[in-house]
Amino acid sequence: MLAFLAEAYSVAYGLVNSMLIRLAYPVGACLLYLLPELLLPRTRNSLQSYLRAATFLVVTIAINTVVLKAMEGSAGFLDVKPLAFLDLRPLTESESWPLKITGWLVAALGIAMVGNFFYYWMHRAQHRFGWMWRFHKVHHSITEMSATASYHHVAEDLFQFAAVTMPMAILLGVASGPVPWLVIVLANTHSYFIHSSARLNIGPLSYVLCDNRFHRIHHSREQHHIDHNFATSTPLWDVLFGTAYFPRADEWPAVGLSDVAEPKTIADYLLMPFRR
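Numbering-wise, the sequence shown is residues 91 to 366 according to the numbering used here.
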């Protein structure tokens, strides 16, 4: 009995510890954009929207932590040999700063953009197929969008694992070598930036990197914005596949869905895809 209790405690401790570690990053990202959202807002969001979104974020990470731990315990979890291998260490470990910086950019941004190719097509499928839309509409129902209020239904992480993570792991292995934490943080907080309601302007870079104005169009309630701007890292994929819409400087449409109310409770958030 004591051995069982000790094992149960060990498992519970491991889950809580993993959850806290997984929480640190998104909490930091949300706080990073909260200040400009308060000081330089394009639209002001209610305190309730921030608190509600923060609650859903904690619920999502708690559930995903349990699911990932279960998957990690399965035989052969992500034990795949990629078809191709990219060794960036000659660049990132180079004594030449131009080569070193090139390696950092390829490691953090280039790989993210390649991954976004898979995400682009998964995202289009989410808008095309009804059973996928049932989950994705949770995200599109948000009417007070911000870096914090950018949540997806918890099941979408499983879709992304199957449609993005696994194909990338199978097709390409990467040895990046040392990459500065700042480069990694900027690359990985980009998804929070594109949902931010702050008045942030990256200038001509917005034709290379998606910004919050570009992604706002994707969430727009206006008819002429529908089915545009599916990519989240770079507009390149939308340009190539004919779905790009570059907004005017003053274009900041209302967001949400006319026929679906955003979730107000944890039960609404978790059960919305299963309700008619």
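Glycine included, C-beta positions come from ideal geometry on N, C-alpha and C.
Problem - Reduced DSSP category for Val350 - H, G, I as helix; E, B as strand; rest coil - result: coil
Exercise for the section: With Val264 as the anchor, note down where its beta strand (DSSP E) starts and where it stops. Expected result: Leu262 to Ala265 is the extent of the beta strand (DSSP E) around Val264.
Problem - Three CB pairs or more closer than 8 Å across the segment 299 to 318 and the segment 336 to 344 - result: yes
Practice task
Classify Phe331 as helix, strand or coil using the three-state DSSP reduction.
Solution key: coil
Problem - Cα-Cα separation, Gly263 to Ala197 - result: One C-alpha to the other measures close to 11 Å.
Practice task
Could you tell me the boundaries of the beta strand (DSSP E) in which Leu295 lies?
Solution key: From DSSP, Leu295 is part of no beta strand (DSSP E); its letter is neither H nor E.
Problem - Spatially closest choice to Ser323 from Gly200, Pro353, Ala174 and Phe251, by CA coordinates - result: Closest in alpha carbon position to Ser323, among Gly200, Pro353, Ala174 and Phe251, is Gly200.
Handout entry: Residue span of the alpha helix (DSSP H) that contains Ala321, given as start and end
Key = Here Ala321 belongs to no alpha helix (DSSP H), and DSSP marks it neither H nor E.
Handout entry: Cβ neighbour criterion (16 or more within 10 Å) applied to Ile307
Key = buried
Handout entry: Rounded C-alpha distance that separates Phe364 from Asp358
Key = 10 Å
Problem - Where Ser310 falls: helix, strand or coil (DSSP) - result: strand
Exercise for the section: Could you tell me if Thr355 is buried or exposed, where buried requires 16 or more neighbouring beta carbons within 10 angstroms of its beta carbon? Expected result: exposed
Exercise for the section: Take every Cβ of the segment 238 to 254, pair it with every Cβ of the segment 277 to 290, and state whether three or more of those distances are shorter than 8 Å. Expected result: Output reads yes: the segment 277 to 290 touches the segment 238 to 254.
Handout entry: Euclidean distance between Cα positions of Tyr210 and Ala344
Key = 23 Å
Handout entry: Minimum C-alpha distance to His229 - residue among Ala252, Asn154 and Thr150
Key = Thr150
Exercise for the section: Could you pull the start and end residues of the alpha helix (DSSP H) that Leu361 belongs to? Expected result: From DSSP, the alpha helix (DSSP H) with Leu361 extends over Ile356 to Leu361.
Practice task
Within the same chain, show all residues whose beta-carbon is closer than 6 Å to that of Ile232, passing over the 5 residues directly before and after it, in chain order.
Solution key: Ala239 and Glu352
Handout entry: Arg112 beta carbon less than 9 Å from that of Thr182
Key = no
Problem - Where Arg366 sits in the DSSP three-state scheme - result: coil
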